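Student: Counting in numbering that gives the first Met the number 0, the sequence shown runs from 0 upward without gaps.
Backbone N, C-alpha and C fix where the C-beta goes; we use that ideal spot for every residue, glycine too.
Since the structure is predicted, the reported quantities are computational estimates derived from the model, not experimental observations.
The structure is given below, and queries will be raised subsequently.
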Amino acid sequence: MSENKTILQQVEGYVKELLDNQLPPDITFHTLEHTQQVVGAVNVIGSQEEITRQEMEILILSAWFHDVGFIRSYHKHEERSASIAFDFLSNLGYDKGSIDQIVANIKATCLPQRPVNFMEEILCDADLFHLSQPDYWKQNQLLRRELELCFGIYYEDIHWFRENLKFLQGHRYFTHYGRTVLENGKEQKVAKNIKIVERLDSGIQECD
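The structure is reproduced here in structure tokens:
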């Protein structure tokens, strides 16, 4: 039946199976749900950036694969993700030039992000789309828990929110949609983080 499935369907099924069955339980943020959110974000940003159908396909494939490397290693997971994507798509006989772009897109999501073309910019903005969204605080706590479980790092509230504020203030979106739409949502998170840090500095405990 696989020959009757589109490349997008085959990749979606493959990545879902890998993340469902091989992702370590300590990974609480970089999950299948996060990957699905990034795929959705690529669709949103890509449609606003007026890209071609083929470019959208390449970006969606990039989004599906971009964090699958966590099944192998936390360290340099982008390299592992790119390798998994390369092997799977090559075995399917997918266009080599498109595979090369997918590999580059995935590697571009490594922090600090340094995209060099518009496709890399779209995936980078999609990967950090959640910084602008209402569920940012939920995702933030999932990441905090992941770092505690994977590295044994326990953050005091004041340290955690200071680090988040530093990250948010140092981050920028690359696409036009990111700069004109997503940035507004992110700035709301910056403002709240500032208030949280001020309260914690004054000795008031932050509650979820």
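1. To the nearest angstrom, how far is it from the Cα of F150 to the Cα of L142?
2. In the DSSP assignment, the alpha helix (DSSP H) including T34 goes from what residue to what residue?
3. Is the beta carbon of L110 closer than 8 Å to that of F160?
4. Would you call the segment 114-134 and the segment 95-105 touching, i.e. three or more CB-CB distances under 8 Å?
5. Along the alpha helix (DSSP H) that carries E78, what are the first and last residues, could you check?
6. Could you check the C-alpha separation between F128 and G202 for me, to the nearest Å?
7. Which value, in whole angstroms, describes the spacing of the CA atoms of S80 and D66?
8. Could you check if P23 is buried or exposed, using at least 16 other CB atoms within 10 Å of its CB as the buried criterion?
9. Are three or more beta carbon pairs between the segment 167-182 and the segment 26-37 nearer than 8 Å?
10. Three-state secondary structure (DSSP) at V115?
11. Enumerate in chain order the residues of its own chain whose CB-to-CB distance from S1 is below 7 Å, with the five nearest sequence positions on each side excluded.
12. In this structure, how does DSSP classify G177 when only helix, strand and coil are distinguished?
13. Please classify Y172: does DSSP put it in a helix, a strand, or coil?
14. Could you spell out where the alpha helix (DSSP H) holding G184 opens and where it closes?
15. F69 and A84 - do their beta-carbons sit closer together than 8 Å?
16. Quick check on the burial criterion: 16 or more other C-beta atoms within 10 angstroms. Buried or exposed for Y93?
17. Compare the beta carbon distance of I50 and Y176 with 8 Å and say whether it is the shorter of the two.
18. Looking at Q132 and G96, is the spacing between their C-beta atoms short of 8 Å?
19. What is the DSSP secondary structure of Q9, counted as helix, strand or coil?
Tutor: To lay it out plainly:
1. On the sequence shown, position 151 is the one that residue 150 refers to. On the sequence shown, position 143 is the one that residue 142 refers to. F150 and L142: Cα-Cα distance of roughly 12 Å.
2. In the sequence shown, residue 34 corresponds to position 35, counting from 1. Residues L31 to Q47.
3. Position 161 of the sequence shown, counted from the first residue, corresponds to residue 160. Position 111 of the sequence shown, counted from the first residue, corresponds to residue 110. Taking 8 Å as the Cβ cut-off, F160 and L110 do not qualify as a contacting pair.
4. yes
5. Sequence index remark: in the sequence shown, residue 78 carries index 79 (1-based). Per DSSP, E78 belongs to the alpha helix (DSSP H) from H76 to N90.
6. Position 129 of the sequence shown, counted from the start, is the residue given in the question as residue 128. Position 203 of the sequence shown, counted from the start, is the residue given in the question as residue 202. Their Cα atoms are separated by approximately 32 Å.
7. In the sequence shown, the residue the question calls residue 80 occupies position 81. In the sequence shown, the residue the question calls residue 66 occupies position 67. Using only the alpha carbons, I get a separation of about 6 Å.
8. Mapped onto the sequence shown, residue 23 falls at position 24. Classification for P23: exposed.
9. no
10. Translated into positions along the sequence shown, residue 115 becomes position 116. Coil, per DSSP.
11. Your numbering for residue 1 matches position 2 in the sequence shown. Since pLDDT at S1 reaches only 48, below the 50 mark, its modelled position is unreliable, and no value is offered.
12. On the sequence shown, position 178 is the one that residue 177 refers to. G177: helix per DSSP, three-state reduction.
13. Stepping through the sequence shown from its first residue, residue 172 is reached at position 173. Residue state, collapsed to three classes: coil.
14. For this step, residue 184 is matched to residue 185 along the sequence shown. E182 to D200 is the extent of the alpha helix (DSSP H) around G184.
15. Working through the sequence shown from its first residue, we reach residue 84 at position 85. Working through the sequence shown from its first residue, we reach residue 69 at position 70. No, the pair does not count as a contact, with Cβ atoms beyond the cut-off.
16. Within the sequence shown, numbered from 1, the residue matching residue 93 stands at position 94. It counts as buried.
17. In the sequence shown, the residue the question calls residue 50 occupies position 51. In the sequence shown, the residue the question calls residue 176 occupies position 177. Contact: no.
18. Taking the first residue of the sequence shown as position 1, residue 96 is located at position 97. Taking the first residue of the sequence shown as position 1, residue 132 is located at position 133. It is not a contact, given that the beta carbons lie outside the stated cut-off.
19. Numbered from 1 along the sequence shown, position 10 holds the residue referred to as residue 9. Helix at Q9.
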